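Number of protein chains: 2
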Amino acid sequence: MAKPTKITGVDIKDIRFPTSLGKHGSDAMHGDPDYSCGYVIISTDTGLQGHGLTFTLGRGTHIVCAAIKPLTRILLDWKLSAIYDDFAGFWREITNEQQLRWLGPEKGVMHLATAAIVNALWDLWAKIEGKPVWKLLVDMEPEKIISLIDFRYIEDALSKEEALEILRNNQAGKAEREKEIRTNGYPAYTTSAGWLGYSNDEIKQRLATAKANGFSRFKFKVGSDLQDDIRRLEIVRKELGPDTTIMVDANQKWGVDEAIEWMGHLVKYNLLWIEEPTSPDDVLGHAAIAKALEPYGCGVATGECCQNRVMFKQFLQAKGLQFCQIDSCRLGGVNEIIAVLLMAKKFNVPVCPHAGGVGLCEMVQHLSIFDYISISATLESRMTESADHLFEHFVNPVVMKNGCYTAPLAPGYSTELSPASIADYTYPEGNEWQRLFKEGEFVPLDVDEFHLKQ
Amino acid sequence: MAKPTKITGVDIKDIRFPTSLGKHGSDAMHGDPDYSCGYVIISTDTGLQGHGLTFTLGRGTHIVCAAIKPLTRILLDWKLSAIYDDFAGFWREITNEQQLRWLGPEKGVMHLATAAIVNALWDLWAKIEGKPVWKLLVDMEPEKIISLIDFRYIEDALSKEEALEILRNNQAGKAEREKEIRTNGYPAYTTSAGWLGYSNDEIKQRLATAKANGFSRFKFKVGSDLQDDIRRLEIVRKELGPDTTIMVDANQKWGVDEAIEWMGHLVKYNLLWIEEPTSPDDVLGHAAIAKALEPYGCGVATGECCQNRVMFKQFLQAKGLQFCQIDSCRLGGVNEIIAVLLMAKKFNVPVCPHAGGVGLCEMVQHLSIFDYISISATLESRMTESADHLFEHFVNPVVMKNGCYTAPLAPGYSTELSPASIADYTYPEGNEWQRLFKEGEFVPLDVDEFHLKQ
Numbered sequence: 000m001a002k003p004t005k006i007t008g009v010d011i012k013d014i015r016f017p018t019s020l021g022k023h024g025s026d027a028m029h030g031d032p033d034y035s036c037g038y039v040i041i042s043t044d045t046g047l048q049g050h051g052l053t054f055t056l057g058r059g060t061h062i063v064c065a066a067i068k069p070l071t072r073i074l075l076d077w078k079l080s081a082i083y084d085d086f087a088g089f090w091r092e093i094t095n096e097q098q099l100r101w102l103g104p105e106k107g108v109m110h111l112a113t114a115a116i117v118n119a120l121w122d123l124w125a126k127i128e129g130k131p132v133w134k135l136l137v138d139m140e141p142e143k144i145i146s147l148i149d150f151r152y153i154e155d156a157l158s159k160e161e162a163l164e165i166l167r168n169n170q171a172g173k174a175e176r177e178k179e180i181r182t183n184g185y186p187a188y189t190t191s192a193g194w195l196g197y198s199n200d201e202i203k204q205r206l207a208t209a210k211a212n213g214f215s216r217f218k219f220k221v222g223s224d225l226q227d228d229i230r231r232l233e234i235v236r237k238e239l240g241p242d243t244t245i246m247v248d249a250n251q252k253w254g255v256d257e258a259i260e261w262m263g264h265l266v267k268y269n270l271l272w273i274e275e276p277t278s279p280d281d282v283l284g285h286a287a288i289a290k291a292l293e294p295y296g297c298g299v300a301t302g303e304c305c306q307n308r309v310m311f312k313q314f315l316q317a318k319g320l321q322f323c324q325i326d327s328c329r330l331g332g333v334n335e336i337i338a339v340l341l342m343a344k345k346f347n348v349p350v351c352p353h354a355g356g357v358g359l360c361e362m363v364q365h366l367s368i369f370d371y372i373s374i375s376a377t378l379e380s381r382m383t384e385s386a387d388h389l390f391e392h393f394v395n396p397v398v399m400k401n402g403c404y405t406a407p408l409a410p411g412y413s414t415e416l417s418p419a420s421i422a423d424y425t426y427p428e429g430n431e432w433q434r435l436f437k438e439g440e441f442v443p444l445d446v447d448e449f450h451l452k453q
Numbered sequence: 000m001a002k003p004t005k006i007t008g009v010d011i012k013d014i015r016f017p018t019s020l021g022k023h024g025s026d027a028m029h030g031d032p033d034y035s036c037g038y039v040i041i042s043t044d045t046g047l048q049g050h051g052l053t054f055t056l057g058r059g060t061h062i063v064c065a066a067i068k069p070l071t072r073i074l075l076d077w078k079l080s081a082i083y084d085d086f087a088g089f090w091r092e093i094t095n096e097q098q099l100r101w102l103g104p105e106k107g108v109m110h111l112a113t114a115a116i117v118n119a120l121w122d123l124w125a126k127i128e129g130k131p132v133w134k135l136l137v138d139m140e141p142e143k144i145i146s147l148i149d150f151r152y153i154e155d156a157l158s159k160e161e162a163l164e165i166l167r168n169n170q171a172g173k174a175e176r177e178k179e180i181r182t183n184g185y186p187a188y189t190t191s192a193g194w195l196g197y198s199n200d201e202i203k204q205r206l207a208t209a210k211a212n213g214f215s216r217f218k219f220k221v222g223s224d225l226q227d228d229i230r231r232l233e234i235v236r237k238e239l240g241p242d243t244t245i246m247v248d249a250n251q252k253w254g255v256d257e258a259i260e261w262m263g264h265l266v267k268y269n270l271l272w273i274e275e276p277t278s279p280d281d282v283l284g285h286a287a288i289a290k291a292l293e294p295y296g297c298g299v300a301t302g303e304c305c306q307n308r309v310m311f312k313q314f315l316q317a318k319g320l321q322f323c324q325i326d327s328c329r330l331g332g333v334n335e336i337i338a339v340l341l342m343a344k345k346f347n348v349p350v351c352p353h354a355g356g357v358g359l360c361e362m363v364q365h366l367s368i369f370d371y372i373s374i375s376a377t378l379e380s381r382m383t384e385s386a387d388h389l390f391e392h393f394v395n396p397v398v399m400k401n402g403c404y405t406a407p408l409a410p411g412y413s414t415e416l417s418p419a420s421i422a423d424y425t426y427p428e429g430n431e432w433q434r435l436f437k438e439g440e441f442v443p444l445d446v447d448e449f450h451l452k453q
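Protein chains in written order, with numbering that gives the first Met the number 0: chain V, 0 to 453; chain P, 0 to 453.
Here it is as structure tokens:
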């Protein structure tokens, strides 16, 4: 098949899944998410398409879509080959448009929007090359990988030369590690028994199911009620024994001093990490918490709301995190993520990506596999978050096996939603949404037709 | 007149001024801004209105307006009196809506949107009380001021008790300082001679004009071309003599090491500060630059892109800034700004607000006057940025006198645009925009009707 030479169009879709109806995924800060995404389809002259998404929690997805729109104008100014020849240059332009950058820069809505477009470009590139994204990256020359990254603002922590050296040093064992991953997959952990509000019996049952599915590492939400956290960790340790790896996650609930005090009551349960103990912006606060918890062998993990490579750089410099939880959409797509993977390697911090929601598991499997084969070269202290919902909407869904992500083999970034799911869940006009509105299960809000009540 | 008891409606407007046609305000990162704003009008049952705005650079203002919309739903859930009785509670709710907070949290587009609403509420409150915002604040009891602030994530740097103590300690001299400000105004500085691209003759002429207008402190843009920076600072020092206060501003152009090296060539011009030397997110980078420049008596200033109180807290903790440049819209309105003013006081760092654009001068005059009378209690090393464009669009425009902001006396936050300006500059349907489109001076872009070119 001939390779596409130009982009012929870009579609932007607001796609939402009514997950709040099932009360999945409630934590100390987010009670009722509707896992959703801003979704981008890049069409080309051969008919080949790139599908990319950026994850959201429901309301406000149209804001992200509104932000994607003006960025597509920049996308259409570039020839397809020019983007892949100078991806860092393209990335600099899309993140630094002179008027739009005031709305970030490189953070929040604008950066989520950037991610949707950049993720779609990676899906397209991998499809052009007939490989999954992880394999496209693994086969890339170190110099080419370096050329993907905008090093502005991070060179004081990682020079191009250092980055290149990391990649070159790992060239030797790549084939072996690839073989290993193709056989065993990449290790994952689960939060399926860990959401707030489960009774002791539910926790036992869910742990049993997770173990039967091959999981050996488990995460639990904390931070809403100390006594309830203690109750749940008591039953968890009774069920799992003293040595099973467990982690806890406070979803930004605490101030710095509060985090240290609260965790003082929980560290006896032998916790690998406390995740998001405080504001995701508080590098120095995380460093203070990490220092206080170090004597108890409990590290600090954060990253799902860490806005860009400049913040990750500081978290690494200040020892504010011991586990680096990149998010495939919070950062500006694969290019910026590679910068963070390389910095984490230099600072000797394991990367354990954030996943769940919709589409995140699909993407992080590529990122973790590439990280292992080309950058970290170890699985020690590495594991990727997993969840098992909404897989069915994807053309190439995640396949878990023995608590591991199996290596995805289909060309692309695994981000393509099925046409039926797009038709059903586009908001608000999709079939399923119209049904929910009609049957009174959902009140239509937050769309362009939304009028203020008087 | 009876006081309003409830909000009856909220209007959101996308208002843009075609300033790029005049090439005002170009710097190392922003070539051709169209000073614009997301504009909010809160109507009440007595007809009294609050007008608030959040500043933008043109393109993307509709994204901010799209973000304001779902937040107004929260606004309408609150009774007016309940907001002013528990402003911190309202602020926490609007910045932490469970699904929308993923798009921030508390940063970028969502926080700019928050600012527009919160600023409108302050304009309304001050009009209800028949006072300018600065006077409303100056007359408030310390306990009431504390009740405006969401202390989450900052209590490790500033406790409520410490904040209260600062305010109480300053009660004594308030009347005297108010009298002084009503007589002399609040000192300002100007960038009118400092934009990139001016010839030696233009610089001389603009400095002469600025001096004739009473200015004695001047800021100059740097960072695009070292030799040109040297040329301009040479002529500036020749014109102004060795002792006049001058500052420079790089608008985020450099990496950390680059900033230190570049500034090594400029410090001999006796500079009070280098503003935005690198990424606004890089607390530790700013601290490294500040440390390197300290021997030369040159401080680091930043803040116009500092996203929230958590980042300002860290800049203060890490000595990453010696001049704190709050922005009246980047932060989530007056409430969060007061938190930063109090932290800056504790850390003994002068606050020199960012202004210019549209509406920023109008707001910062209130903030600086309140800061002086109730918090800092000194004018030492304090001055507020000023500019002289777009004042004519406001109902109560800024009045500069002898290089100072005169104290605004009209009730409100000085943020109300005239009906004629709203009619002319609403984008894209305003009269002036339609004329520009028709005459081919502007291509309509970035509106809902915008279609991708093929």
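Cβ atoms here follow ideal geometry from the backbone N, Cα and C, with glycine treated the same way. Note that this is a predicted model, so its numbers are computed, not measured.
Exposure label - residue i; buried when at least 16 CB within 10 Å
i	result
residue 263/V	exposed
residue 296/P	exposed
residue 0/V	exposed
residue 16/V	buried
residue 226/P	exposed
residue 466/P	Outside the displayed range of chain P (0 to 453) lies residue 466/P, so it cannot be described from this structure.
residue 48/V	buried
Three-state secondary structure assigned by DSSP to residue i
i	result
residue 7/P	strand
residue 384/P	strand
residue 313/V	helix
residue 393/P	strand
residue 50/V	strand
residue 300/V	strand
residue 377/V	coil
residue 325/P	coil
residue 330/P	coil
residue 350/P	strand
residue 403/P	strand
residue 426/P	coil
residue 370/P	helix
residue 2/P	coil
residue 200/P	helix
Neighbourhood of residue i by C-beta, 7 Å cutoff - its chain only, sequence neighbours within 5 removed
i	result
residue 458/V	Outside the modelled stretch of chain V, which goes from 0 to 453, sits residue 458/V, for which no answer is possible.
residue 185/V	364, 367, 368, 371, 383, 403, 404
residue 67/P	11, 37, 39, 112, 115, 116
Same chain only: Cβ atoms within 6 Å of residue i, ignoring 5 sequence neighbours per side
i	result
residue 284/P	255, 277
residue 271/V	244, 246
residue 167/V	141
residue 234/P	199, 202
residue 380/V	349
residue 2/V	127
Residues of its chain near residue i, where Cβ-Cβ distance is below 8 Å and the 5 sequence neighbours each way are ignored
i	result
residue 313/V	282, 319
residue 107/P	306
residue 447/V	In this predicted model, residue 447/V has a pLDDT of only 45, less than 50, meaning its place in the structure is not dependable enough to derive any value.
Integer Cβ distance of residue i from residue j, believed to fall under 8 Å
i	j	result
residue 307/P	residue 92/P	That pair is no contact at about 16 Å.
residue 177/V	residue 372/V	5 Å
residue 359/V	residue 54/V	6 Å
residue 163/V	residue 148/V	So it is not a contact: roughly 11 Å between Cβ atoms.
residue 125/V	residue 38/V	No, residue 125/V and residue 38/V are not in contact; Cβ-Cβ is about 17 Å, not under 8 Å.
Go through the region 205 to 286 of chain V residue by residue and report every complete run of the beta strand (DSSP E) that reaches 3 residues or more, in order. Taken in chain order, the complete beta strand (DSSP E) segments of 3 residues or longer contained in the region 205 to 286 of chain V are 216 to 220, 244 to 248, 270 to 274.
Counting only runs of 3+ residues fully inside the region 105 to 189 of chain P, write out the beta strand (DSSP E) ranges in chain order. The beta strand (DSSP E) runs of length 3 or more contained entirely in the region 105 to 189 of chain P are, from start to end of the chain, 185 to 189.
Please list the segments of the alpha helix (DSSP H) lying wholly inside the region 34 to 105 of chain P, counting only runs of 4 or more residues, in order along the chain. Fully enclosed alpha helix (DSSP H) runs of 4 or longer: 60 to 76, 79 to 84, 86 to 94.
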